[in-house]
Amino acid sequence: MITCLDIGGSGIKGALARSATDLTPLGRRATPLDDLDAFVAAIGEMVTQSPVGSPVAVSITGVIDPADGIIKVANIPCIDGLPLAAELTRRLGREVLVGNDADLFALAEAVAGAGRGHRIVFGAILGTGVGGGLVIDGKVVNGAGGYAGEWGHGPIAPTRVGTPPIEIPRYACGCGQSGCVDTVGAARGLERLHRHLTDRAPSSVEIVAAWEAGDAAAGRTMDVYFDVVAPPLALVVNVVGASIVPLGGGLGQSAKLVERLDREVRSRILRRTNAPLVVQAALAIEPGLVGAAIMGGLS
Ligand SMILES: [Zn+2]
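Be aware that the sequence shown starts at 51, since it is given in my numbering, and climbs by one per residue.
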């Protein structure tokens, strides 16, 4: 039995896992952001609900360097820069494993979700951010610094997009570069793109809903959106050889968006295939907790 935790900037969710798919919820707490003792105490309260000595597996929004275990997590300052797994292991007196949430989303989909039966799975996320994780033969490939799968950052977003084509700016990104896919491909990015094209400011959910309902202005924005997001994702597929790309994150909730992105990506990759490539994630509810359970050795 493993205690699984999914830690984000606003909340900590927990579950007791008997297998990757047999999870009993342990509830939710707010994430202490500035006080390490409070952070550890919040986790400790959840962990005490599981058998003494049983291990803990954590999915977290942060990049973990596999060389030294140091985590970079800007939105939870009290643990930023710590070797989090070692610190929690010492303070809780239990074995603690820590993994990046996008990596564990990909692992969950590869082992127990839409990627089952595929050797190479690229789990892509279009939501609060643009991210992803690569899983080969059931193992997360996280590479130097822990950054493998991060297709959202790098100055590569196309700027002449849509039919007829228009120019969009190379927006500055929080990572310090400009022209990142994240600046237009994430939920706030889609809103920014729609503002640029229409001078109106609905939410990403409203833009997608209007597009699904046949609204012309939202349709134009989405045409431009796919022209920005599909080329870099197609390149990722060419480079890593993925045969399936489960899509998660808030924007991935739209079946129409997933189906259109699948067509746009398949038309741009070298391999010709009629089989679906970009598909809706199967574990839309708690992929972080499922991925954490699998990281902890459950199946
Ligand atoms: Zn960036």
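Backbone N, C-alpha and C define an ideal beta-carbon position, used for all residues, glycine too.
Not one heavy atom of ligand 1 is found less than 7 Å from the C-beta of residue 54. Here DSSP, grouped into helix, strand and coil, assigns residue 77 to strand.
Counting along the chain, no alpha helix (DSSP H) covers residue 253, and no H or E run does either.
Those residues that have a beta carbon less than 6 Å away from any non-hydrogen atom of ligand 1 are, in order along the chain, 203, 223, 225, 227, 230, 232. Residue 124 and residue 84 have their C-alpha atoms spaced approximately 11 Å apart. In summary, residue 149 is buried, with 16 or more beta-carbon neighbours lying within 10 Å of its beta-carbon over all protein chains present.
Inter-segment contact for the region 178-195 and the region 136-148 is absent: fewer than three beta-carbon pairs are separated by less than 8 Å. Contact check between the region 152-160 and the region 333-347: three or more CB pairs, one atom from each, fall below 8 Å, which counts as touching. By the neighbour-count criterion, in which a residue is buried when 16 or more other Cβ atoms sit within 10 angstroms of its Cβ, residue 99 is exposed. A straight line joining the alpha-carbon of residue 102 with that of residue 54 spans about 14 Å.
Assignment of residue 55 by DSSP, reduced to helix, strand and coil, places it in the strand class.
In the displayed model, residue 68 falls within a strand according to three-state DSSP. As computed with DSSP, residue 86 is found in no beta bridge at all. When only Cα atoms are considered, residue 254 and residue 111 end up about 21 Å apart.
Residue 343 and residue 231 have their alpha carbons spaced roughly 30 Å apart. When only Cα atoms are considered, residue 316 and residue 327 end up about 7 Å apart.
Contact between the region 113-131 and the region 294-306 is absent, with fewer than three C-beta pairs closer than 8 Å. Scanning its chain for C-beta atoms nearer than 7 Å, with the 5 sequence neighbours on each side dropped, one finds around residue 333 the residues 158, 159, 162, 163, 340, in chain order. Take residue 205, set aside five residues on each side of it, and the residues of its chain with a beta-carbon closer than 8 Å to its own are 220, 227, 228, 229, 230, in chain order. The beta strand (DSSP E) runs lying completely inside the region 78-144 and spanning 3 residues or more are 106-110, given in chain order. Remark: C-beta atoms of residue 210 and residue 247 do not approach each other more closely than 8 Å. For residue 296, the enclosing beta strand (DSSP E) stretches over residues 295-298.
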